[in-house]
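Line by line, the protein sequences are chains U and Z. Read in order, the letters of the first sequence correspond to residues 1 to 375 in full-length UniProt numbering. Read in order, the letters of the second sequence correspond to residues 1 to 375 in full-length UniProt numbering. By construction, the Cβ of each residue, glycine as well, lies at the ideal position given by its N, Cα and C atoms. What you are looking at is a predicted structure, and each value in this text was computed from that prediction instead of being measured. Notes for the one structure printed next.
Protein chains: 2
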Amino acid sequence: MMARLTSSSAPVRQSNVRAHNLALALHTVANSADPMSRSAVAATTGLTRATVSALVDELVAGGLLTELDPPPRTGAGRPAVGLTLSATGPAGLGLEINVDYLAACVVDLTGAVRHRFIEHADQRPAGPYAALSALGRLGARARLAAKADGLVVVGATLAVPGLVSTGFVLQAPNLGWQNVDAPALLRGLPELADLPITVDNEANLAALGELRVTGTEPTFLYVSGEIGIGAGLVIDGELYRGARGWSGEIGHVTVFPDGPPCRCGAAGCLEQYAGQEALAEDEPRAAAALGIALSAVVNLLDVPAIVLGGVYATYFDRLREGIEAELRRRVLTSELAPVTLRAARLGTNAAVRGAADTAVQQVRDDPAVWLRRAG
Amino acid sequence: MMARLTSSSAPVRQSNVRAHNLALALHTVANSADPMSRSAVAATTGLTRATVSALVDELVAGGLLTELDPPPRTGAGRPAVGLTLSATGPAGLGLEINVDYLAACVVDLTGAVRHRFIEHADQRPAGPYAALSALGRLGARARLAAKADGLVVVGATLAVPGLVSTGFVLQAPNLGWQNVDAPALLRGLPELADLPITVDNEANLAALGELRVTGTEPTFLYVSGEIGIGAGLVIDGELYRGARGWSGEIGHVTVFPDGPPCRCGAAGCLEQYAGQEALAEDEPRAAAALGIALSAVVNLLDVPAIVLGGVYATYFDRLREGIEAELRRRVLTSELAPVTLRAARLGTNAAVRGAADTAVQQVRDDPAVWLRRAG
DNA sequence: TGAGATTTATTTAGTGGTTGAATTATTTGT
DNA sequence: ACAAATAATTCAACCACTAAATAAATCTCA
């Protein structure tokens, strides 16, 4: 759930200890349903109360934690002052471009969606420049709205339906994009010029959005059925992006080697059987194809849970049995422990929300940099 | 390559700082081809020379590093004293049981194989108890030989061709085993009773063995072709075991959904086309099937390199083209960056060696516990 | 109503580990 | 013989943690 304290090949100093323990204290409060006292934080983290007091004071001063005025009444003893995540601290901006809409979304430290703007329109004719300019304006509006709430947007993440590498959108077939420097275009807008902007694949970010909402399963595969099929793999609360960031292309996993040709040049790809169009034509076959491809994933990775998003979420009840039948049959360890299959809890918003959350997550994972900045 | 400093949900104290920096210093020396001076270590790690001196002194006193007597002659200035990993410190014991042999192997801190014992015999009729007793005796011999060299065996790892979970061998179909508490049986031997013993899948350990030998590629899939087919996935120098330790079952990835039935109950599994027997019958088809299954892995995980071990290594030249053809065709990103395919550099010994190395790796990753023990 | 119990939070002294500057050690070059 | 250069050590200062003592705020019950 949390980043490493530091890259393993870097030296560690006392300041890293502080940074780690600040993050630890913040996470402890964040993971608790109810407000926590300093001494409760000390008890669950294993740090002493003295240390926790110092850490919490710093977090409160920096606007990341808030002390609750009305002390919750308990038994005997000095009443504890409750601590919660601040709702007026840092926030993340999520941006999404898809075939038929643009979206912007602001998420605060607590994970709550504070603002959301959507613009429905076919983005294909516009081209990268116009589309990203419009998205940038939407983002600027969201940022302004956040500012009015006392929030400070610390970073933006852009969700794109395509292949991304080091900030570049290499390919977004459904948009017809190739080699687009999306962050540069977004930063062209003065209102976003100062913001750190990252780009990621839409399915990856949707997976992260789903992770945050559910919280329970730390390891799962999120499969998003749209025109194409993408997947985001979350392992132990962290997204696995692959060596070059191109993981999750489940749509082009071969299901029937001698099947119909795919637009990618291969034949018998999952997309040919379970893409949005194919799904509409032959549901049982789509379910079987999905089941076969997912069995491969489980056999290879021992993923305990699969979350179906996009159109698969809406058709979930009708697909479930067909998919599970293949999983039962083809997963080697299915008898030892069945794979959990469920529909995504977030709808179309999963990706923007995940994107916004990614940006604010950095503050949760390393509050020390925010504190330095906040002074 | 190195473990986390500490679990992210644990507090960090100064002692953890020390532990981390000890590991950092040790790794720095370990990763260098030539002996390093204290100040070279300081320069590459970013720690001050004062700190490095203290760290190195501790590592030398604990027998993990050795100071070289003859100072390598350089230019002006006080000559540096060279530091290398100690060849008389801790060592790891690797044990392997397979269908037709038993093996034991001792690896020292430098990664060198110091002793190796192999006993060829069909292990299937013996049953778990007799087989593991014999393996234990082999291990005891290896431990004794190591002791004579001044080495201290700090732990043993057992490689098994089967499904492993929390120390139990759940299934080892080729041996005919089920639910065997292998560490308990091994510890039955008084000579091994005091040793921490872990168990892991043979392909996983072979992958680790291969990682250590090559050192270059930190992320790759190791595929071991034996009677069954197993795979070990190494991501960033660390083995990915899956949620329950059952990852890597590539042998049961579906290649032709309507293919012949497999002993696992499914149909068209890779094993039916590229298992040892099938491979002998129809090489081109085996290569194609392998290529299809590997394409799925690459599409899903964006693995940049694939290492073929076991029988695949011996037949590599004849399989290569067939596999690569499918990879080129079916991997979505094959045009952006081709997948490296190569034969394993280690032969039959990969698994034992990886097993032995795993045990000694713990000391490399956290020398502090060894130092506490060494006094 | 007030003393004692109880729990929370802060203060203070002590410890361990790192830094940076100064010092010592050992060699080469002139 | 002495300066220059490089390696390694020593020492004072600093920072973050721990443990124990203290202060603060409330409850309980005679």
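Near residue i, what residues of its chain come up, given a Cβ to Cβ distance below 6 angstroms and the 5 sequence neighbours on each side ignored?
i       : result
M1(U)   : Residue placement at M1(U) cannot be trusted, given a pLDDT of 32 that sits under 50; what the coordinates show is reported in the next sentence. G237.
A145(U) : H115
G354(Z) : L205, A206, L208 and G209
A103(U) : E96, I118 and V352
A243(Z) : none
A80(U)  : S37
V234(U) : A207, L211 and F220
K147(U) : none
Q362(U) : none
Measure the beta-carbon distance from residue i to residue j and round it to whole angstroms, keeping in mind my assumption that it falls under 8 angstroms.
i       : j       : result
L211(Z) : G155(Z) : In fact, because the Cβ distance is near 18 angstroms, the residues do not count as touching under 8 angstroms.
L109(U) : L83(U)  : Not quite, the Cβ-Cβ distance comes to about 13 angstroms (not below 8 angstroms), so this is no contact.
A350(Z) : F316(Z) : About 14 angstroms separates the two Cβ atoms, so there is no contact after all.
A231(Z) : Y222(Z) : 6 angstroms
V360(U) : P90(U)  : 6 angstroms
A267(U) : D258(U) : 7 angstroms
V298(Z) : V255(Z) : Not quite, the Cβ-Cβ distance comes to about 15 angstroms (not below 8 angstroms), so this is no contact.
A293(U) : V253(U) : 5 angstroms
Q123(Z) : D100(Z) : 7 angstroms
Counting only the same chain and skipping the five closest in sequence on each side, list residues whose C-beta sits under 7 angstroms from that of residue i.
i       : result
R318(U) : E283
A374(Z) : G62 and G63
R143(U) : L93, V153 and E191
A19(Z)  : D366 and A368
A140(U) : L189, E191 and L192
P261(U) : A267
S9(Z)   : none
A130(Z) : none
L47(Z)  : N21
A203(U) : Y222, S224, G230, A231, G232 and G248
E217(Z) : A305
Ordered along the chain, which non-local residues of its own chain (more than five positions away) have a Cβ less than 8 angstroms from that of residue i?
i       : result
G228(Z) : P161, P173, N174, G251, E271 and G275
R187(U) : A193, L195 and I197
T28(U)  : M36, V41, T44 and T45
A112(U) : A87
What first and last residue would you give for the beta strand (DSSP E) that runs through residue i?
i       : result
W177(Z) : W177 to V180
H115(U) : V113 to H120
A156(Z) : V152 to V160
A91(Z)  : P90 to N98
G230(Z) : I229 to I235
G309(U) : A305 to G310
T340(U) : T340 to A343
V169(U) : F168 to A172
V164(Z) : L163 to S165
E238(U) : E238 to Y240
T84(U)  : L83 to L85
Taking the CB atoms as reference points, tell me whether residue i and residue j lie closer together than 8 angstroms.
i       : j       : result
T214(Z) : R329(Z) : no
A296(U) : A286(U) : no
L95(U)  : L135(U) : yes
P35(U)  : L59(U)  : no
T219(Z) : A288(Z) : no
D302(U) : W246(Z) : yes
E226(Z) : V311(Z) : yes
V164(Z) : V199(Z) : yes
L132(Z) : L185(Z) : yes
A121(Z) : L158(Z) : no
L327(U) : S334(U) : yes
Q14(U)  : V17(Z)  : yes
L300(Z) : I323(Z) : no
A30(U)  : R364(U) : yes
Would you mind reading off the limits of the alpha helix (DSSP H) that contains residue i?
i       : result
Q276(Z) : Q276 to E281
I323(Z) : F316 to R330
L109(Z) : From DSSP, L109(Z) is part of no alpha helix (DSSP H); its letter is neither H nor E.
R212(U) : E202 to T214
Q361(U) : A350 to D365
G225(Z) : Element bounds for G225(Z): not the alpha helix (DSSP H) but the beta strand (DSSP E), F220 to G225.
L138(Z) : G127 to A148
* **4-residue-minimum alpha helix (DSSP H) runs that sit fully inside the UniProt domain "HTH marR-type" (24-67) of chain Z, ordered along the chain** => 38-45 and 49-61
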